[in-house]
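Numbering (our numbering), first residue to last: 82 to 622.
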């Protein structure tokens with residue numbers, strides 16, 4: 082069943098992302114409908130590329146907008162690698178502007194310019210500096226690449242849909258092997274699929290990417306994000322309110338996350354802030370249940386009841402006295418199973434939301450319990466981890482209540498009937514499709530976590546790093562999101578805010594705790610700081 086009606090999101094506070102096709106539509110809109118000459122758009126893009134390079138080699142002069150003295154330039158020349166299309170045209174124009182700034186620049190070309198605008202800028206560049214054709218002067222071009230102080234990748238950019246091969250692949254290999262300290266991509270690193278982030282054979286590895294007009298989805302999904310380095314999205318005179326295509330894709334921002342926070346009235350009491358039933362745990366995995374409960378507690382949930390097997394009942398007093406426990410008579414003492422179902426369903430009717438699955442285990446009885454609970458519980462329900470293993474697409478479509486799923490790629494691939502490789506090849510596309518098909522809010526965990534709504538709108542989370550890749554951190558996320566659901570946030574709001582805060586807690590700990598040493602306990606301890614940062618510093622994250 083589709084999620085209940087959600088209030089309009091403050092999307093103006095998020096960063097809009099686009100596909101290659103959408104970027105082409107924007108260009109066409111600006112040129113044909115608004116009458117902005119394509120050469121003006123190219124010059125604007127080149128200006129931002131040149132200013133970025135200038136800031137890397139002479140940051141003081143770039144800040145002042147003045148041309149630096151040549152002696153303050155990079156250790157070697159700035160080598161701009163230009164393709165034959167419009168991305169190459171951006172590169173030719175940027176090289177010309179760099180020379181005007183007093184910086185030494187040379188172009189290494191992947192053959193003659195082929196598009197009208199690229200040819201125009203190549204002809205202009207010929208009056209300013211040297212072009213070395215990689216296809217006919219490979220040795221000289223290789224020497225320039227090895228001696229460059231800064232390299233600029235203006236070979237292909239967005240829209241590439243086939244693996245690089247031949248001379249293009251050789252040039253990218255030489256680009257990657259060169260020791261330049263700074264490597265700047267124009268729009269998208271060549272060889273990266275701008276829609277998915279997948280590498281098409283080989284891709285340029287850059288330290289910075291000057292992304293044109295709107296962020297490209299592939300720059301925020303891995304491995305594309307690793308090739309892009311620091312991404313700076315720059316305007317080129319296309320109006321910000323160009324006609325968008327729905328459903329959209331967005332990057333979460335601190336301002337957006339802050340706007341999703343639930344109200345905390347001063348006169349509120351514990352009932353005001355919701356009551357979560359966390360149906361979790363089994364023998365040997367009590368920790369997962371505890372971490373889920375603590376995540377909900379730190380997210381501001383007023384009351385939390387842990388629906389656990391009887392063997393776990395007394396574990397919580399010393400570990401987390403704030404958490405209440407509920408057990409059912411009969412059935413398996415060490416795991417949840419069908420004889421315990423009626424008690425926990427009755428308890429759910431007295432709560433405001435349920436989080437199910439953390440530390441469940443995969444006993445046959447537990448999977449049967451999970452399936453029956455999901456079918457019969459009408460409350461807002463988060464399902465994670467082993468709770469997902471008893472489910473299928475048909476059951477999810479028929480569910481009566483609001484549903485949030487928080488799988489990792491392996492769990493989602495099993496539910497979707499595809500391989501992990503197929504899923505990871507287009508994380509945003511698959512998450513969008515499955516959220517629509519199942520009528521759920523889908524949180525696909527991993528680097529660049531994707532959150533997809535039942536209408537197909539998708540979001541990418543920029544917070545967090547490899548420090549979250551350890552046992553228990555997903556249980557904490559379930560608690561945070563489940564706790565926000567219990568506080569009566571709409572499901573999509575709860576998922577978006579919960580994922581952002583979860584990653585931000587890691588980001589704020591990074592200066593003090595290395596990724597390899599970061600634990601789920603550190604994450605729980607950091608939730609308060611993350612929420613405070615959103616309140617006190619809107620630019621946090």
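Yeah, the Cβ is synthetic: ideal placement off N, Cα and C, and Gly gets one too. Everything numeric in this text was worked out from a predicted model, so none of it was measured.
Can you tell me whether residue i is buried or exposed? The criterion is at least 16 other CB atoms within 10 Å of its CB, across all chains shown.
i           : result
residue 121 : exposed
residue 403 : exposed
residue 598 : exposed
residue 479 : exposed
residue 243 : exposed
residue 302 : buried
residue 554 : buried
residue 410 : exposed
residue 398 : exposed
residue 88  : exposed
residue 157 : buried
residue 418 : buried
residue 105 : exposed
residue 500 : exposed
Can you tell me which of the three DSSP states residue i falls into?
i           : result
residue 150 : Unreliable placement is indicated for residue 150, whose pLDDT of 41 sits below 50; no coordinate value is reported for it.
residue 263 : strand
residue 313 : strand
residue 620 : Residue placement at residue 620 cannot be trusted, given a pLDDT of 49 that sits under 50; what the coordinates show is reported in the next sentence. Correct three-state label for residue 620: coil.
residue 272 : coil
residue 138 : helix
residue 416 : coil
residue 123 : helix
residue 279 : coil
residue 637 : Past the edges of the chain, shown from 82 to 622, lies residue 637, and the structure says nothing about it.
residue 180 : helix
residue 298 : helix
residue 234 : strand
residue 83  : Unreliable positioning characterises residue 83 in this predicted model, as indicated by a pLDDT of 42, which lies under 50. A coordinate reading is not provided.
residue 96  : strand
residue 486 : strand
Verify whether the separation of the beta carbon atoms of residue i and residue j is less than 8 Å.
i           : j           : result
residue 356 : residue 576 : no
residue 286 : residue 257 : yes
residue 189 : residue 235 : no
residue 416 : residue 364 : yes
residue 458 : residue 426 : yes
residue 474 : residue 519 : yes
residue 230 : residue 138 : yes
residue 133 : residue 308 : no
residue 274 : residue 440 : no
residue 280 : residue 272 : yes
Please go through the same chain and pick out, in chain order, the residues whose beta-carbon is closer than 7 Å to the beta-carbon of residue i, but skip the five residues on each side of it.
i           : result
residue 94  : 334, 336, 337 and 340
residue 613 : none
residue 379 : 605, 608 and 609
residue 127 : 171, 174, 175 and 178
residue 393 : 362, 367 and 370
residue 414 : 390, 391 and 392
residue 354 : 381, 382, 383 and 568
residue 255 : 223 and 226
residue 589 : 607, 610, 611 and 614
Residues in the same chain with beta-carbon distance under 8 Å from residue i, minus the five sequence neighbours each way, listed in chain order, please.
i           : result
residue 252 : 162, 189, 191, 215, 222 and 236
residue 377 : 357, 359, 385, 436, 560, 561, 563, 564 and 567
Which residues in the same chain as residue i place their Cβ atom closer than 6 Å to its Cβ, once the five residues preceding and following it in sequence are excluded?
i           : result
residue 152 : In this prediction, residue 152 has a pLDDT of 36, which is less than 50 and means its spatial position is unreliable; nothing more can be read from the coordinates.
residue 148 : For residue 148, the predicted structure reports a pLDDT of 46, less than 50, and the residue's modelled location is therefore unreliable. A value from the coordinates is still provided. These residues qualify, in order along the chain: 182 and 183.
residue 396 : 367
Practice task
Could I get the ranges of all uninterrupted alpha helix (DSSP H) runs contained in the region 496 to 576, with 4 residues as the minimum, in chain order?
Solution key: For the region 496 to 576, whole alpha helix (DSSP H) runs of length 4 or above, ordered along the chain, are 501 to 505, 508 to 519 and 554 to 567.
Handout entry: alpha helix (DSSP H) runs contained entirely in the region 303 to 380, provided each spans 4 or more residues
Key = 305 to 309, 335 to 340 and 367 to 379
Practice task
Please go through the region 380 to 462 and give each complete alpha helix (DSSP H) segment of 4 or more residues, from N-terminal end onward.
Solution key: 397 to 400, 422 to 429 and 445 to 457
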